[in-house]
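Inspection log for the structure reproduced underneath, given as structure tokens.
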Amino acid sequence: MSAGLALTLVAGCGGTTKGSDAASGGAGKGSAGSANPDAPMKEGLKIALLPKEIDNPYMTVMDKGGTDAIGELQGEGKAVGPSDAQASSQVSYINTLIQQGQDAIVIAANDPNAVAPALKEAMSKDISVVTLDSDAAKDARQVFVNQASSEEIGRSQVKLIADQIGGSGKIAILSATPNATNQNAWIDFMKDELKKPEYAKIELLPTVYGDDDDQKSFQEAQALLRGNPDLKGIVSPTTVGIAAAARYLSSSPYKGKVKLTGLGTPNQMREFVKDGTVTEFALWDPGELGYLAAYAAAALASGQITGAEGEKFKAGKLGERTIGKDGEVILGPPTTFNADNIDDYDF
Amino acid sequence: MGRVLRWESVLGLVCVAVFVFGATTTGGFTEQGNLSFLLLDYSEVALLAFALVPIILTGEIDLSVASVLGFCSALTGALWEAGLSFETIVPLVLLAGVVLGSVNAVLVVRFGLPSLAVTIGTLGLYRGLAYVVLGDRAVTGFPENYRPLATDAMGFLPYATVVVVVVGLLVALLVHATPAGRSLYAAGLGEGTARFSGIRVGRLKVALYLLSGALAALASLIYTLRYNSARADNANGMELVAVAAVLLGGVSIFGGRGTVAGVALALLAMAGLRNVLFLNDVSNEIQNVITGLLLIASVLVPVVVKPRRTNDVPLEPSPVDGERRPGADPGRRLRRDHQGV
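Protein sequence lines, in the order shown, are assigned to chains A and B. Going by this note's numbering, the first sequence opens with residue 7, and the numbers climb by one from there. Going by this note's numbering, the second sequence opens with residue -16, and the numbers climb by one from there.
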């Protein structure tokens, strides 16, 4: 009760409601001052990667890409992180990295707001902050390395399925949950792409939802085919959905006849590509994501960029990259996996 | 009494060792910002541990504390989103904590159910309700005029830690300096005997579960403001850290033995150790191994060492408080006779 009292005392009078807050303190942003694109890349930079979870295979590949890049730059890279993806568990790590005097932090945020105060603290101590995969609050980082734009993902998914079904027939989307922001953004772009004349012969059925639950996704795939015997293809832009649908198809009479594509990881999909259930699917390469983010972090820490729109930096094998609106850098179109290249990837 | 003091001395030495080790070997450990983070990071755990001390002293347990925290955090978020003022939310959330505590109290005291089973049940129930209230969303944007209370510090001493210390002192006062405190030791040493000596064990336990709910709600306010994020999964699993701190602090899981000071020292040692391990890049898995071993050692060492030293003394531990020593009741550790009140 004592804190309740203390809170009330400090509050004085008058209620504080949502939105009544005046200026929210934007600490430390732009601590680097102005950018000098010609500044040399500093050697021996200490850059730490902070994934959502340390033992998640996707994150592990991302960290590997990041530490590889830091190695190329003669820096000191390391990956540290929690073993659970709870909102708060990254904060202790950020504090640690601040105390250790790292030059830059590259983080995939578990919760955009829970990590924000700690990241602002880091920036106020001249530590560069780059987010990747999932962003933190915009004023709590300098650059966000996004896997691909929603538009690119949505449109490329339509192209994949259209090629596989020969440009005509019924298709359906097996999504995650009805309110997943990224899924809905992709689906909107898929629908927009399908309006183009070259896709006129494709009919899109109402979207079904597997809730990113293996069992439910499996059943939804099954129900789709029972209800629509003339279905030609399924697009599942979620790693859970595509794997479950592939498992159903591979043991059904529709195997090879009904096409399946979407976003999946090579390790999950390998057996279904090899047994002919799936021809091609896509995903960005998390290794390249980590690689690009590490280069962005090094460029920030060397003073070559500050995170402002229009600034350019060199990203090793990925070439020169330009910072877009809100400090966003986009990795590029997703990688397409098929029988020819799937064995080159392990994640 | 002597033995209890001795365990606290051991914990005091552990604290000194951890802080000396940190200061001498680990860069950045003694910086003001780090010390204040070290304290702040354990503030919620400490509040939950202080809520647990009196309950465990009576021989009961409350494993639902972190779920109460999670529910109250989700509730804070939902109410804030609905446009209520933060000044209105604070008492409502504290009340919600008390209500959740009262559910535990009714089940344990009125129906005489084992508190372990009851609070494992409400651990799941309250966490589930937190998801019902807020789903898997996160609410943010809590007022900037209150947030510093949970994030800022005077020098190295965070405001939240001041709250924790005040709560700790109040609990210590309750446990060590009031008739109610003596009663809860007596209840822990032998509930039947305590009841026959005229102690209203049931009423006492009800009060402790309500207090536990209130403290967990207070912890939820600090947690939510500190991270500026209300979520249903906040503080998931924190009950185990809090229980570990209480046991490491020398409180007997069977009740009747232990001090608040011991628990405070255990909290400080655990917070310091965690911070030092973090700064030395010790991975989470190894940290868990170390904390686990420490906990096992803390319950093992007294058991292994004691019988040899006190061969002539019957198995009864000497009561911390001499006046109310209940009669010998050899079965009391195994038998819990809840008969309602």
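Even glycine gets a Cβ: it sits at the ideal position worked out from N, Cα and C.
Q. Taking the DSSP output, what are the residues bridged to Phe237 of chain B?
A. As a first step, residue 237 of chain B must be located in the second sequence, where it is residue number 254. For Phe237 of chain B, which the question treats as bridged, DSSP gives no partner whatsoever.
Q. By a C-beta neighbour count over all protein chains shown, 10 Å radius and 16 as the cutoff for buried, is Gly80 of chain B buried or exposed?
A. On the second sequence, position 97 is the one that residue 80 of chain B refers to. Buried, because 16 or more other Cβ atoms sit within 10 Å of the Cβ of Gly80 of chain B.
Q | Cross-chain neighbours of Asp117 of chain A in chain B, by beta carbon under 8 Å | A | Here the question's residue 117 of chain A lines up with position 111 in the first sequence. Residues of chain B passing the Cβ test: Ala121, Tyr210, Ser212, Arg214.
Q.
I believe Leu132 of chain B touches Tyr142 of chain B by the beta-carbon criterion, under 8 Å. Please report the beta-carbon distance rounded to the nearest angstrom.
A. Taking the second sequence and counting its residues from 1, the one referred to as residue 132 of chain B is at position 149. Taking the second sequence and counting its residues from 1, the one referred to as residue 142 of chain B is at position 159. Indeed, because the Cβ distance is near 5 Å, the residues count as touching under 8 Å.
Q.
Using 9 Å as the threshold, is the C-beta distance between Ile113 of chain A and Val136 of chain A below it?
A. The residue labelled residue 113 of chain A in the question sits at position 107 within the first sequence. The residue labelled residue 136 of chain A in the question sits at position 130 within the first sequence. Yes, they are a contact pair.
Q | As assigned by DSSP and simplified to three states, the class of Ser266 of chain B | A | The residue you call residue 266 of chain B lines up with position 283 of the second sequence. Ser266 of chain B falls in the coil class under three-state DSSP.
Q. Looking only at C-alpha atoms, which of A:Pro243, A:Ile111, A:Ile76, A:Arg232 sits nearest to Asn190 of chain A?
A. Along the first sequence, read from residue 1 onward, the residue named residue 190 of chain A stands at position 184. The residue with the shortest Cα to Cα distance from Asn190 of chain A is A:Pro243.
Q | Whole-angstrom distance between Gly60 of chain B and Arg183 of chain B, CA atom to CA atom | A | Counted from its first residue, the second sequence places residue 183 of chain B at position 200. Counted from its first residue, the second sequence places residue 60 of chain B at position 77. Approximately 38 Å, taken between the alpha carbons.
Q) Under a three-way DSSP split, which group does Leu194 of chain B fall into? A) Within the second sequence, residue 194 of chain B is the residue found at index 211, counting from 1. Looking at Leu194 of chain B - three-state DSSP - the assignment turns out to be helix.
Q: Could you list which residues in chain B have their beta carbon closer than 9 Å to that of Gln106 of chain A, in chain order?
A: Locating residue 106 of chain A in the first sequence gives position 100, where the first residue counts as 1. Within chain B, the residues near Gln106 of chain A are Gly10, Gly11, Leu262, Asp264.
Q: Hey, could you find the ends of the alpha helix (DSSP H) Lys222 of chain A is sitting in?
A: The residue given as residue 222 of chain A occupies position 216 in the first sequence. Its alpha helix (DSSP H) spans residues 220 to 233.
Q.
How far does the alpha helix (DSSP H) with Ser56 of chain B in it extend, from its first residue to its last?
A. Within the second sequence, residue 56 of chain B is the residue found at index 73, counting from 1. Run containing Ser56 of chain B: 48 to 64, per the alpha helix (DSSP H) assignment.
Q | Counterpart residues of Tyr210 of chain B in DSSP-defined beta bridges | A | Taking the first residue of the second sequence as 1, we reach residue 210 of chain B at position 227. Tyr210 of chain B pairs with nothing; no bridge assigned.
Q: Under 7 Å between beta-carbons, which chain B residues line up against Ser89 of chain A? List them in chain order, please.
A: The residue labelled residue 89 of chain A in the question sits at position 83 within the first sequence. Asn267, Glu268, listed in chain order.
(Q) For Gly314 of chain B and Ala54 of chain A, I'd like the C-alpha separation in whole angstroms. (A) Position 331 of the second sequence, counting from 1, holds the residue named residue 314 of chain B. Position 48 of the first sequence, counting from 1, holds the residue named residue 54 of chain A. Caution applies to Gly314 of chain B, whose pLDDT of 41 falls short of 50 and renders its modelled position unreliable; the model cannot decide the point.
Q) Between the beta-carbon of Val264 of chain A and the beta-carbon of Leu237 of chain A, is there less than 9 Å? A) Taking the first sequence and counting its residues from 1, one reaches residue 264 of chain A at position 258. Taking the first sequence and counting its residues from 1, one reaches residue 237 of chain A at position 231. Yes, Cβ-Cβ distance for Val264 of chain A and Leu237 of chain A is below 9 Å.
Q: Can you grab the Cα-Cα spacing for the pair Ile424 of chain A / Leu180 of chain A, in whole Å?
A: In the structure as shown, chain A begins at 7 and stops at 353. Residue 424 of chain A is therefore absent and cannot be evaluated.
(Q) Just to make sure I have the definition right: I need the residues of chain B whose C-beta is within less than 9 Å of the C-beta of Pro123 of chain A. Which are they? (A) The residue you call residue 123 of chain A lines up with position 117 of the first sequence. Correct list: Arg130, Thr134, Arg209, Tyr210, Asn211.
Q. Out of curiosity, what's the CA-to-CA distance linking Ala228 of chain B and Pro88 of chain A?
A. The count along the second sequence starts at 1 and reaches residue 228 of chain B at position 245. The count along the first sequence starts at 1 and reaches residue 88 of chain A at position 82. If I take the Cα positions, the gap works out to 21 Å.
**Q.** Pairwise C-alpha distance: Gly293 of chain A and Val67 of chain A
**A.** Numbered from 1 along the first sequence, position 61 holds the residue referred to as residue 67 of chain A. Numbered from 1 along the first sequence, position 287 holds the residue referred to as residue 293 of chain A. Straight-line Cα distance between these residues: approximately 5 Å.
Q | Cβ-Cβ separation, Leu337 of chain A to Leu298 of chain A (assumed contact under 8 Å), whole Å | A | Looking up residue 298 of chain A in the first sequence gives position 292. Looking up residue 337 of chain A in the first sequence gives position 331. With a Cβ gap of about 6 Å, Leu298 of chain A and Leu337 of chain A count as contacting.
Q.
Which of the three DSSP states is assigned to Pro215 of chain A in this structure?
A. On the first sequence, position 209 is the one that residue 215 of chain A refers to. Checking the displayed sequence, the identity of residue 215 of chain A turns out to be Tyr instead of Pro. Three-state DSSP puts Tyr215 of chain A in a strand.
Q.
Determine, for Glu334 of chain A, whether the minimum Cβ-Cβ distance to residues of chain B falls below 9 Å.
A. Start at 1 with the first residue of the first sequence, and residue 334 of chain A comes out as number 328. It does not: the Cβ of Glu334 of chain A has no partner Cβ on chain B nearer than 9 Å.
**Q.** Residue range of the alpha helix (DSSP H) that includes Arg327 of chain A
**A.** Taking the first sequence and counting its residues from 1, one reaches residue 327 of chain A at position 321. Unbroken run through Arg327 of chain A is the beta strand (DSSP E), 326 to 328; no alpha helix (DSSP H).
**Q.** Secondary structure of Phe100 of chain A, DSSP reduced to three states
**A.** Taking the first sequence and counting its residues from 1, one reaches residue 100 of chain A at position 94. For the sequence presented, residue 100 of chain A should be read as Ile rather than Phe. The answer is helix: DSSP assigns Ile100 of chain A an H, G or I state.
Q: Within 10 angstroms of the Cβ of Arg(-11) of chain B, are there 16 or more other Cβ atoms? Answer buried if so, exposed if not.
A: On the second sequence, position 6 is the one that residue -11 of chain B refers to. That one is exposed.
Q. When the cut-off is 9 Å and only beta carbons count, does Ser98 of chain A lie next to chain B?
A. As a first step, residue 98 of chain A is located in the first sequence; it is residue number 92 there, counting from the start. So, interface residue.
Q) Does Thr244 of chain A come within less than 9 Å of chain B when only Cβ atoms are used? A) Here residue 244 of chain A is taken as the residue at index 238 of the first sequence, counted from 1. No - not a single Cβ of chain B is within 9 Å of the one on Thr244 of chain A.
Q: Can you tell me which of B:Val122, B:Thr7, B:Leu83 puts its alpha carbon nearest to the alpha carbon of Asn217 of chain B?
A: The residue labelled residue 217 of chain B in the question sits at position 234 within the second sequence. For the residues B:Val122, B:Thr7, B:Leu83, the minimum Cα distance to Asn217 of chain B belongs to B:Val122.
Q: Provide the residue span of the beta strand (DSSP E) that contains Gly239 of chain A, from first to last.
A: The count along the first sequence starts at 1 and reaches residue 239 of chain A at position 233. First-last of the beta strand (DSSP E) with Gly239 of chain A: 237 to 242.
Q.
For Arg120 of chain B and Val73 of chain B, I'd like the C-alpha separation in whole angstroms.
A. For the purposes of this step, residue 120 of chain B is taken as the residue at position 137 of the second sequence. For the purposes of this step, residue 73 of chain B is taken as the residue at position 90 of the second sequence. Rounded to whole angstroms, Arg120 of chain B to Val73 of chain B spans 21 Å at the Cα level.
Q: Please list, in chain order, all residues of the same chain as Val285 of chain A whose beta carbon is under 6 Å from its beta carbon, the five residues on each side excluded.
A: By 1-based counting over the first sequence, the position of residue 285 of chain A is 279. According to the sequence displayed, residue 285 of chain A carries Thr and not Val. Once the five neighbours on either side are set aside, the close Cβ partners of Thr285 of chain A are Gln170.
(Q) Among the candidates A:Lys207, A:Gly72, A:Asp352, A:Ala288, whose CA atom is the shortest distance from the CA of Ile111 of chain A? (A) By 1-based counting over the first sequence, the position of residue 111 of chain A is 105. For the residues A:Lys207, A:Gly72, A:Asp352, A:Ala288, the minimum Cα distance to Ile111 of chain A belongs to A:Gly72.
Q.
Distance cutoff 9 Å, beta carbons only. Does Ser68 of chain B sit that close to anything in chain A?
A. Residue mapping note: residue 68 of chain B aligns to position 85 of the second sequence, counting from 1. So yes, Ser68 of chain B belongs to the interface.
Q. Considering only the beta carbon of each residue, do Leu211 of chain A and Ile159 of chain A sit closer than 9 Å?
A. In the first sequence, counting from the first residue as 1, residue 211 of chain A sits at position 205. In the first sequence, counting from the first residue as 1, residue 159 of chain A sits at position 153. Not closer than 9 Å, so no.
Q) Taking Cβ positions only, does Gly21 of chain A come closer than 9 Å to chain B? A) By 1-based counting over the first sequence, the position of residue 21 of chain A is 15. Yes, because at least one Cβ of chain B sits closer than 9 Å to the Cβ of Gly21 of chain A.
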